[in-house]
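Chains as they are written, first to last, in our numbering: chain A, 9 to 326; chain B, 9 to 326. C-beta atoms are modelled at their ideal positions from N, C-alpha and C, and glycine is treated no differently. In this text, all values refer to a predicted model and were calculated from it rather than measured experimentally. Some notes on the structure that comes next.
Number of protein chains: 2
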Amino acid sequence: MANTSARMLRLLSLLQTHRYWPGAELADRLEVSPRTLRRDVDRLRELGYPVDASRGVAGGYQLQAGAAVPPLLLDDEEAVAIAVGLRTAAAGAVAGFEETSVRALAKVIQLLPPRLRRRIDALQAVTSPGVLGSGPVLDAGVLTTIAMATRAQERLRFDYTPREGALSRRHVEPHRLVPLGRKWYLLAWDLDRADWRNFRVDRISGPDLTGARFRPREIPGGDPVAWLRSRIKAIPSRYEVSVLIQATPETIRGFVGHWGDCQEVREGVCRLRMNVDDLGWPALVLGVLGAPFTIESPPELRERVRAAGENLLRETTL
Amino acid sequence: MANTSARMLRLLSLLQTHRYWPGAELADRLEVSPRTLRRDVDRLRELGYPVDASRGVAGGYQLQAGAAVPPLLLDDEEAVAIAVGLRTAAAGAVAGFEETSVRALAKVIQLLPPRLRRRIDALQAVTSPGVLGSGPVLDAGVLTTIAMATRAQERLRFDYTPREGALSRRHVEPHRLVPLGRKWYLLAWDLDRADWRNFRVDRISGPDLTGARFRPREIPGGDPVAWLRSRIKAIPSRYEVSVLIQATPETIRGFVGHWGDCQEVREGVCRLRMNVDDLGWPALVLGVLGAPFTIESPPELRERVRAAGENLLRETTL
DNA sequence: TTCGTTGCGGTCAGCTCCTGACCGCAATAG
DNA sequence: CTATTGCGGTCAGGAGCTGACCGCAACGAA
Numbered sequence: 009m010a011n012t013s014a015r016m017l018r019l020l021s022l023l024q025t026h027r028y029w030p031g032a033e034l035a036d037r038l039e040v041s042p043r044t045l046r047r048d049v050d051r052l053r054e055l056g057y058p059v060d061a062s063r064g065v066a067g068g069y070q071l072q073a074g075a076a077v078p079p080l081l082l083d084d085e086e087a088v089a090i091a092v093g094l095r096t097a098a099a100g101a102v103a104g105f106e107e108t109s110v111r112a113l114a115k116v117i118q119l120l121p122p123r124l125r126r127r128i129d130a131l132q133a134v135t136s137p138g139v140l141g142s143g144p145v146l147d148a149g150v151l152t153t154i155a156m157a158t159r160a161q162e163r164l165r166f167d168y169t170p171r172e173g174a175l176s177r178r179h180v181e182p183h184r185l186v187p188l189g190r191k192w193y194l195l196a197w198d199l200d201r202a203d204w205r206n207f208r209v210d211r212i213s214g215p216d217l218t219g220a221r222f223r224p225r226e227i228p229g230g231d232p233v234a235w236l237r238s239r240i241k242a243i244p245s246r247y248e249v250s251v252l253i254q255a256t257p258e259t260i261r262g263f264v265g266h267w268g269d270c271q272e273v274r275e276g277v278c279r280l281r282m283n284v285d286d287l288g289w290p291a292l293v294l295g296v297l298g299a300p301f302t303i304e305s306p307p308e309l310r311e312r313v314r315a316a317g318e319n320l321l322r323e324t325t326l
Numbered sequence: 009m010a011n012t013s014a015r016m017l018r019l020l021s022l023l024q025t026h027r028y029w030p031g032a033e034l035a036d037r038l039e040v041s042p043r044t045l046r047r048d049v050d051r052l053r054e055l056g057y058p059v060d061a062s063r064g065v066a067g068g069y070q071l072q073a074g075a076a077v078p079p080l081l082l083d084d085e086e087a088v089a090i091a092v093g094l095r096t097a098a099a100g101a102v103a104g105f106e107e108t109s110v111r112a113l114a115k116v117i118q119l120l121p122p123r124l125r126r127r128i129d130a131l132q133a134v135t136s137p138g139v140l141g142s143g144p145v146l147d148a149g150v151l152t153t154i155a156m157a158t159r160a161q162e163r164l165r166f167d168y169t170p171r172e173g174a175l176s177r178r179h180v181e182p183h184r185l186v187p188l189g190r191k192w193y194l195l196a197w198d199l200d201r202a203d204w205r206n207f208r209v210d211r212i213s214g215p216d217l218t219g220a221r222f223r224p225r226e227i228p229g230g231d232p233v234a235w236l237r238s239r240i241k242a243i244p245s246r247y248e249v250s251v252l253i254q255a256t257p258e259t260i261r262g263f264v265g266h267w268g269d270c271q272e273v274r275e276g277v278c279r280l281r282m283n284v285d286d287l288g289w290p291a292l293v294l295g296v297l298g299a300p301f302t303i304e305s306p307p308e309l310r311e312r313v314r315a316a317g318e319n320l321l322r323e324t325t326l
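Below, the structure written as structure tokens:
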């Protein structure tokens, strides 16, 4: 408690919160003399954390950005916000960040006190609406639990419903979570079958950490992603969509964000390209934009657009 | 360097990464005797970080979740993932979390080394698509800069384009960022006008931190949100959407997530309610679901859906 | 069961380095 | 110019850190 290390952490924490601190106040809070505070600040600087100081009336100390990421000292709210944000990103809201996000999430969650975990779970329903038509909605709790088990090298039990076949309880050593073609896969050593298996995360339910540690086995070939790709029968076929739209690039980007690439081909006309699994999404973008358009590819989109249009015009009485 | 504090941080960092560490290896890495390592572990425990130890062959140390959030020691990737996730959440991907997210984001960003900030900025285009039809797309960089200025109590200059009137350069003391009705507002003391003003963040461009500190003034009344509400002429009128859809609640929730409230009114028919600023979004939902529906309110939605349907059926050649 | 491995914690001597007090100096705002 | 605030040198005292050594307690494999 009266420890130097603890005091340094508290000092870092103080510097991370308010931003500008008079030296006297810091010294007071840390219950040391101003001289010792100056020494502590020096120590932080030696550790690589750039602490700025300004003199004169209303001078003070301030932690700046440095070369390394300093230990983040978070309060409850911030920690929850970070976890929620990461969950959203992991669920696919930010393309290309799924895996990194889920790794960071596992780290954060593991360190979080149980009460905060519960708060995050309670907010589970509040995850992003996903991307329309992006396929089955992933249970963020399931994903998180698996990520934690993978990270902690803990055996995992869960219920699995294969594409065809009945639900069964599995017992595995989770090896790695891989996002592939908009879906999450768990690559694991199946203890009952004594072999490597992959599982689609959206088919997993009721995951339980067993608490039993294991020594990670070597994945054959060494590259989990390559191995997974070779094993998955069908990566969901994707459509390459290309349409011309009579609108400004800004308007279009406002709707599709980064989910599509928008190029102006001539004054007032843009070519929008996107890769999707489901054609419902581009169809509706066209509908809601309400601008004249031409479908270049794929042909299936034309069918889909027609069907969507007819459905929209056919309001019924339920 | 050979400091105890530094060593404790390194130990915490090690315990946060791999998860299970044999004592001998930790002692080796920290270049101390095993006895000292045990003492360091004890110190961590005294500081409130629960470090588990298991004995026997393959024993080791492990950091568990405790009562407080320990200092998060992140590597570059994790830090970037967190920032990107928070940005996404702040941009409105997670309802109700905008403000908390932006506060946490400001904290994280400020501590991040410049090279990581650049990486995040480079990923700016990769923010979430927002919610379709949610209005103007917010520049995450602008929002972040303002949040940093607010947090750091630094004066801010930016270009502002009011709803009516010409662009002008402003110089303000940023007081608070408030998300209101799906838009962000900056509440600030305008230095040129010597009065409180509020600014819509999506009308702000080219924000610059001046580096000049200021002592925060008292907002009249003390409640920034209340003050802001009273000043904003028109909070964007919201529509209360209510539709009947012939589909299971699960299907509908899979698409709308938490953005709507879905109640089964009778077998196979649900009532979906949502509050939106823009009718494009509910129109999209109806279209993508592709199920029979009845619009209960508002009447404008019927127009909108009809227009979208007709537009879809009228492909042209551009 | 037995045995090896690994963590636990007491004790001790040595000494590092932390602390507070005191000082004069430098930068900054008004 | 002056008050305020941070900077850093020096010193003496002592808190507390370190490594070495010890026997003990879990744990798992043979």
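Practice prompt. Measure the C-alpha to C-alpha separation of glycine 28 of chain A and aspartate 60 of chain A and round it to an integer number of angstroms.
Written response: The sequence shown places tyrosine at residue 28 of chain A, not glycine. Rounded to the nearest angstrom, the two C-alpha atoms are 10 Å apart.
Discussion item. Judging by CA-CA distance, which residue of A:Gly149, A:Thr96, A:Leu309 is the nearest neighbour of isoleucine 212 of chain A?
Written reply: A:Gly149
Discussion item. At the level of alpha carbons, what is the spacing between leucine 188 of chain A and leucine 164 of chain A?
Written reply: 22 Å
Item to complete: Using a Cβ cut-off of 8 Å, pull out every chain B residue sitting near glycine 298 of chain A, in sequence order please.
Response: Ala315, Ala316, Asn319
Worksheet item: Which residues mark the beginning and the end of the beta strand (DSSP E) in which valine 284 of chain B is found?
Response: 277-284
Practice prompt. Give the residues of chain A in contact with tyrosine 28 of chain B, contact being defined as C-beta atoms less than 7 Å apart.
Written response: Gln161, Arg221
Discussion item. Less than 8 Å between CB atoms is the rule here; does valine 249 of chain A satisfy it with respect to chain B?
Written reply: no
Item to complete: Taking only beta-carbon positions, decide if serine 305 of chain A is within less than 8 Å of chain B.
Response: no
Worksheet item: Identify the residues that DSSP records as bridge partners of lysine 191 of chain B: which are they?
Response: B:Leu188
Worksheet item: the segment 112-130 of chain A: which residues have C-beta closer than 9 Å to a C-beta of chain B, in chain order?
Response: Ala112, Leu113, Lys115, Val116, Ile117, Gln118, Leu119, Leu120, Pro121, Pro122, Arg123, Leu124, Arg125
Worksheet item: Shortest alpha-carbon distance to glutamate 54 of chain B belongs to which of A:Ala35, A:Glu85, A:Leu119, A:Ala14?
Response: A:Ala14
Worksheet item: For isoleucine 240 of chain A, which of A:Asp216, A:Asp269, A:Trp192 has the nearest alpha-carbon?
Response: A:Trp192
Worksheet entry | Amino acids of chain A, ordered along the chain, whose beta-carbon sits closer than 9 Å to that of arginine 51 of chain B | Asn11, Ser13, Ala14
Discussion item. Can you tell me which residues form a DSSP beta bridge with tyrosine 57 of chain B?
Written reply: Bridge partners of tyrosine 57 of chain B: none, in fact.
Discussion item. My assumption, with CB atoms under 8 Å, is that glycine 317 of chain B sits in contact with glycine 317 of chain A. Please give the rounded CB distance.
Written reply: 5 Å
Item to complete: Within the same chain, show all residues whose beta-carbon is closer than 6 Å to that of leucine 52 of chain A, passing over the 5 residues directly before and after it, in chain order.
Response: Val59
Practice prompt. For proline 224 of chain A, count neighbouring C-beta atoms within 10 Å of its own C-beta (all shown protein chains included) and say buried if the count is 16 or more, exposed if not.
Written response: exposed
Fill in: Identity of the residues DSSP links to proline 182 of chain B by a beta bridge
B:Ala196
Discussion item. Under 9 Å, CB to CB, which of the residues in the segment 29-41 of chain B have a partner in chain A?
Written reply: none
Practice prompt. Assess, as a yes-or-no matter, whether the segment 117-130 of chain A is touched by the segment 29-40 of chain B under the definition of 3 or more beta carbon pairs within less than 8 Å.
Written response: no
Worksheet item: Hey, out of B:Val313, B:Pro42, B:Pro182, whose CA is closest to arginine 159 of chain B's CA?
Response: B:Pro182
Worksheet item: Do you know how far the Cα of alanine 75 of chain B is from the Cα of serine 62 of chain B?
Response: 21 Å
Fill in: For glutamate 107 of chain B, the residue or residues it bridges with in DSSP
The partner list for glutamate 107 of chain B (beta bridge, DSSP) is empty, contrary to what the question assumes.
Worksheet item: Where leucine 19 of chain A and lysine 115 of chain B are concerned, what is the direct C-alpha to C-alpha distance, given to the nearest angstrom?
Response: 16 Å
Worksheet item: Using CA coordinates, which residue listed in A:Leu326, A:Glu275, A:Val313 is at the minimum distance from leucine 292 of chain A?
Response: A:Val313
Practice prompt. Can you pull the chain A residues whose beta carbon is under 7 Å from the beta carbon of leucine 82 of chain B, in chain order?
Written response: Val77, Leu80
Worksheet entry | valine 296 of chain B versus A:Pro290, A:Phe301, A:Ala299, residue with shortest Cα-Cα distance | A:Pro290
Discussion item. Please identify the residue among B:Val180, B:Gly173, B:Asp286, B:Leu194 whose C-alpha is closest to the C-alpha of arginine 201 of chain B.
Written reply: B:Val180
Practice prompt. Find the residues of chain A that neighbour serine 109 of chain B, judging by a C-beta separation of less than 8 Å, and give them in chain order.
Written response: Ala89, Val92, Gly93
Worksheet item: Is there at least one Cβ from chain A nearer than 8 Å to phenylalanine 166 of chain B's Cβ?
Response: no
Practice prompt. Could you please give me the residues that DSSP links to tyrosine 28 of chain B through a beta bridge?
Written response: For tyrosine 28 of chain B, which the question treats as bridged, DSSP gives no partner whatsoever.
Discussion item. Suppose only complete runs of 3+ residues qualify. What are the beta strand (DSSP E) ranges in the segment 296-320 of chain A, listed by chain order?
Written reply: 301-305
Fill in: Through-space distance from threonine 325 of chain B to glycine 276 of chain A, alpha-carbon basis
14 Å
Fill in: Span separating the alpha-carbon of glutamate 304 of chain B from that of valine 249 of chain B
8 Å
Discussion item. For a cutoff of 8 Å on Cβ pairs, would you count alanine 174 of chain B as touching chain A?
Written reply: no
Worksheet item: Hey, alanine 155 of chain A and valine 186 of chain A: beta-carbon distance below 8 Å or not?
Response: no
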